[in-house]
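Asker: Protein chains in written order, with my numbering: chain C, 99 to 374; chain W, 12 to 85.
C-beta: ideal position from N, C-alpha, C; glycine also.
I am attaching a structure below and will ask some questions about it afterwards.
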Amino acid sequence: MHLLDLALLFVGGLAAGTFGALFGLGGGIIMVPLLVIALKVPMHNAVATSLVGVIATSTASTIRNLGERLPNLRLGVTLETSTVAGAITGGFIAGYLPAKALMVLFGVMLMGVAAIMSRRGEPPPLLEEPSDRGFLARLHGSYYDTVLEREVRYGVRRFPLALSVSGVAGVLSGLLGIGGGIMKVPVLALYCGVPMKAATATSNFMMGVTAVASVFAYFGRGEVLPLVTAAAVLGIIAGARCGSWLSVRTHPVALRKWFALVMVLMGLQMIWKVFH
Amino acid sequence: MRVGVMISFTLLAAGLLLQHLPTATAGLVVMMATPLARVLLLIRAFAIERDWAFVALSISVILLLGVSLLLAMR
Numbered sequence: 099m100h101l102l103d104l105a106l107l108f109v110g111g112l113a114a115g116t117f118g119a120l121f122g123l124g125g126g127i128i129m130v131p132l133l134v135i136a137l138k139v140p141m142h143n144a145v146a147t148s149l150v151g152v153i154a155t156s157t158a159s160t161i162r163n164l165g166e167r168l169p170n171l172r173l174g175v176t177l178e179t180s181t182v183a184g185a186i187t188g189g190f191i192a193g194y195l196p197a198k199a200l201m202v203l204f205g206v207m208l209m210g211v212a213a214i215m216s217r218r219g220e221p222p223p224l225l226e227e228p229s230d231r232g233f234l235a236r237l238h239g240s241y242y243d244t245v246l247e248r249e250v251r252y253g254v255r256r257f258p259l260a261l262s263v264s265g266v267a268g269v270l271s272g273l274l275g276i277g278g279g280i281m282k283v284p285v286l287a288l289y290c291g292v293p294m295k296a297a298t299a300t301s302n303f304m305m306g307v308t309a310v311a312s313v314f315a316y317f318g319r320g321e322v323l324p325l326v327t328a329a330a331v332l333g334i335i336a337g338a339r340c341g342s343w344l345s346v347r348t349h350p351v352a353l354r355k356w357f358a359l360v361m362v363l364m365g366l367q368m369i370w371k372v373f374h
Numbered sequence: 012m013r014v015g016v017m018i019s020f021t022l023l024a025a026g027l028l029l030q031h032l033p034t035a036t037a038g039l040v041v042m043m044a045t046p047l048a049r050v051l052l053l054i055r056a057f058a059i060e061r062d063w064a065f066v067a068l069s070i071s072v073i074l075l076l077g078v079s080l081l082l083a084m085r
């Protein structure tokens, strides 16, 4: 490998890691197109690299977020059952699909995300005192918001929706090397009553486990390129620290605006892919 | 987890600088083990709280990961 290529991989990882930790994207959305288009890495290897990057982002940002009590671990591990099952499915199906099919699917996924985000609604008011009894009540969470300077409590609504979306996110994660946060975070924040920061942190916590579930399949097929992955992952770890640091020091409303902007950029990225 | 990241980080950097594949691969394996360690710690934490429903959920996630590993090694 050329030293310049490895340096570029590191810089790409740095950008992907920052955005990943900030928005719960896992960075794959940036990493995969960068590897395939700019660095001419074959699609399956790019997905495998991205999956290891997702694990790195997840672990690095979770270490930081746990101190702030941001990830909802009970919610995370519950949703993880469907996400992991989906990721295993996706990881193994990818072995039977040609690179072009995966690339088209990646483009379609970006378009779908842009469409969903263009009709964003306002998040519902938080259920400060969860009224549910039984299992759902045990998924409620709380954290101290450093910007609002108060304890934020919330209950989880529409749990079956969250579980289904997590499963689909898992399949896409395994197929495309993305974290799946792109699907989980908006659904948790807009429909399930989880505050944006907690949704992002919970998704960040989950996606490492999700990526491990499918990366085994890629590893087994010999599609993980150690040096390419090492360079990208080191960049991602450094980037994740920046992103995580930024995420607790920005206002939630501002964070949502940035999140929306990332959605628009991804739509443009998709169009770029189609016409070039 | 923090220690795992440090070890992985060191191995990846060393493997990269020396262009040494086994070292970089070892770094990747340690990196892949960190989420597993996280779920195992979660099982312990839920068990201490005697929150058996979540112990069971966490164990089922670990079992699924085991299935994935077995399928990949076939």
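For residue 172(C), count neighbouring Cβ atoms within 10 angstroms of its own Cβ and tell me buried if that reaches 16, exposed if not.
Answerer: Locating residue 172(C) in the first sequence gives position 74, counting from the first residue. Residue 172(C) is buried by the Cβ-count criterion.
Asker: Under 8 angstroms Cβ to Cβ from residue 20(W), same chain only, skipping five residues before and after it: list those, please.
Answerer: Along the second sequence, one-based indexing puts residue 20(W) at 9. Taken in chain order, the residues that qualify are 38.
Asker: Can you tell me where the alpha helix (DSSP H) holding residue 265(C) begins and where it ends?
Answerer: Locating residue 265(C) in the first sequence gives position 167, counting from the first residue. 257-274 is the span of the alpha helix (DSSP H), which, as asked, contains residue 265(C).
Asker: Give, in chain order, every residue of the stretch 265-294 of chain C whose Cβ lies closer than 7 angstroms to some Cβ of chain W.
Answerer: Correct list: empty, as no residue qualifies.
Asker: Given a threshold of 16 other Cβ atoms within 10 Å of its Cβ, counted over all protein chains shown, does residue 380(C) qualify as buried or as exposed?
Answerer: Given a span of 99 to 374 for chain C in the structure shown, any question on residue 380(C) remains unanswerable.
Asker: Within 10 angstroms of its Cβ, does residue 67(W) collect 16 or more other Cβ (buried), or is it exposed?
Answerer: Translated into positions along the second sequence, residue 67(W) becomes position 56. The residue in question, residue 67(W), is exposed, as its Cβ has fewer than 16 Cβ neighbours within 10 Å.
Asker: To the nearest angstrom, report how far apart residue 46(W) and residue 176(C) are at their CA atoms.
Answerer: The sequence position of residue 46(W) within the second sequence is 35, counting from 1. The sequence position of residue 176(C) within the first sequence is 78, counting from 1. The straight-line gap from Cα to Cα measures roughly 15 angstroms.
Asker: Since I believe residue 146(C) is in contact with residue 275(C) (beta carbons under 8 angstroms), could you give me their beta-carbon distance rounded to a whole number of angstroms?
Answerer: Translated into the one-based positions of the first sequence, residue 275(C) becomes position 177. Translated into the one-based positions of the first sequence, residue 146(C) becomes position 48. With 8 angstroms as the limit, residue 275(C) and residue 146(C) qualify as a contact, their Cβ atoms being about 7 angstroms apart.
Asker: DSSP on residue 194(C), reduced to helix/strand/coil?
Answerer: Taking the first residue of the first sequence as position 1, residue 194(C) is located at position 96. Residue state, collapsed to three classes: coil.
Asker: Which residue's Cα is closest to the Cα of residue 236(C): 259(C), 174(C), 325(C) and 205(C)?
Answerer: Numbered from 1 along the first sequence, position 138 holds the residue referred to as residue 236(C). Checked all of 259(C), 174(C), 325(C) and 205(C); the closest Cα to residue 236(C) is 174(C).
Asker: For residue 243(C), which beta-bridge partners are listed by DSSP?
Answerer: Numbered from its first residue, the first sequence carries residue 243(C) at position 145. Per DSSP, 248(C).
Asker: Between residue 26(W) and the rest of its own chain, which residues show a CB-CB distance below 8 angstroms, the 5 nearest in sequence each way excluded?
Answerer: Counted from its first residue, the second sequence places residue 26(W) at position 15. The answer, listed in chain order, is 32, 33, 34, 35, 36, 37 and 38.
Asker: Closer than 8 angstroms, Cβ to Cβ, to anything on chain W: give me those residues from the stretch 155-178 of chain C, in chain order.
Answerer: Result list: 156, 157, 158, 160, 161, 171, 172, 175, 176 and 178.
Asker: Run down chain C in chain order and give the residues with a C-beta less than 7 angstroms from the C-beta of residue 84(W).
Answerer: Taking the second sequence and counting its residues from 1, one reaches residue 84(W) at position 73. Neighbours of residue 84(W) on chain C, chain order: 318.
Asker: Within the continuous alpha helix (DSSP H) that includes residue 33(W), where are the two ends?
Answerer: As a working mapping, residue 33(W) is identified with position 22 in the second sequence. Start and end: 32-59.
Asker: Between the Cα of residue 105(C) and the Cα atoms of 137(C), 264(C) and 189(C), which residue gives the shortest distance?
Answerer: For this step, residue 105(C) is matched to residue 7 along the first sequence. Cα-wise, what sits closest to residue 105(C) is 137(C).
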